[in-house]
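As structure tokens, the structure follows; a few thoughts come after it.
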Amino acid sequence: MALSKYAIPQFIADAKSILASDNGLEQKQAAIGERLSELSKRDDLTRLGFPLGPSDASTQNFLLWREPPHTALVLGQFDPGYLSPVHEHGDFWVVGCCYRGQDRWDMYERIDNGSRPGHAEVKLVDQWHIPPGKAVWMPRPPRAIHSHNNESQGDTLELIFSAIKPLPPEKRLVYDVDGQACWPSGFNLAGILVGDYYPPRPVVRNGLLSKAWNKEFGARLFSMRPRAFCPVCMAFS
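Just so you know, this note's numbering puts 206 at position 208 of the sequence shown, and the rest follows in order with no gaps.
Pasting the structure below:
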């Protein structure tokens, strides 16, 4: 039996009402976070979600609600020992609340001007330890760069809500903090297969398949990319 009777449709209705108010974005996010914390008291959310597959910052995701144009509620999963890439998604904000386990958001700030392609200098500015029931929300750029880090011995599950259109995978950046480098999200799989990717990681280079076929295959994959290779973006877009 669920520990709370606060249902997903009621949360969505509350969130939409909050977003329609005249309050500032951070006030809206805080209010949504309070409702998300209440929703996290249910013990049956894992059986209510539709599996979406992994993303570029989680090992599994379950869709709890999807409503056009961009409203979605997802339950993200981080396997034991999982440390996500340091990444960002522009102005796409989320409100998150730990459901099980414990997540840690490492928050970074970009300190270079982004004028050199493939080069980036970011510094760690904060760490947020997020036990079950605690809600957090994404700050504005340039401090929206972050990573997820499972601090529990088992799976960590986190509720993630947003109502804004996300950046496409090829415009999201992954950062190598120590190497002072950055590149587009690894979920641009078509680019990987045809080698048109930074850093280049071609898979099909054994000469068994023609270059023309590789390009055609890559183009087909790229056209399918949002649905086939980025389930979280598919949920929010």
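Where a beta carbon is used, it is the ideal one built from N, C-alpha and C, also for glycine.
Item, Value
"Which one or two residues does DSSP pair with Ser53 in a beta bridge?", "Ser56"
"For Pro129, does the count of other Cβ atoms within 10 angstroms reach 16, so buried, or fall short, so exposed?", "exposed"
"How should Asp54 be labelled, buried or exposed, when 16 other C-beta atoms within 10 angstroms of its C-beta is the threshold for buried?", "buried"
"Just verifying my parser: in three-state terms, what is the DSSP assignment at Arg33?", "helix"
"Closest by CA to His117, which one among Leu46, Cys180, Phe60 and Glu32?", "Cys180"
"Using CA coordinates, which residue listed in Gly99, Gly22 and Pro164 is at the minimum distance from Lys132?", "Gly99"
"According to DSSP, what are the bridge partners of Asn147?", "Leu81 and Arg102"
"Going by other Cβ atoms of all chains shown within 10 Å of its Cβ, with 16 needed for buried, is Gln27 buried or exposed?", "buried"
"Taking 7 Å as the limit between beta carbons, can you name the residues of its chain near Pro198, skipping five residues before and five after?", "Here the model assigns Pro198 a pLDDT of 35, short of 50, so the residue's position is not dependable, and the following value carries that caveat. Nothing listed; no residue qualifies."
"Taking the alpha-carbon positions, what's the Met222 to Ser183 distance?", "With a pLDDT of 42 at Met222, under the threshold of 50, the modelled position of this residue cannot be trusted, and the question is left open."
"Mind checking whether Leu46 and Tyr97 have CB atoms under 8 Å apart?", "no"
"Kindly indicate which residue of Pro67, Asp12, Pro164 and Ser19 has the alpha-carbon position closest to the one of Val92.", "Pro164"
"Can you tell me the Cα-Cα spacing of Asn21 and Ser15, whole angstroms?", "11 Å"
"Can you give the beta carbon distance from Arg102 to Trp126, rounded, assuming they're within the 8 Å contact cut?", "7 Å"
"Taking the alpha carbon of Leu43 as the point to measure from, which residue in Asn147, Glu65 and Phe9 has its own alpha carbon closest?", "Phe9"
"According to the neighbour-count rule (16 or more other Cβ atoms, all chains shown, within 10 Å of its Cβ), is Glu24 buried or exposed?", "exposed"
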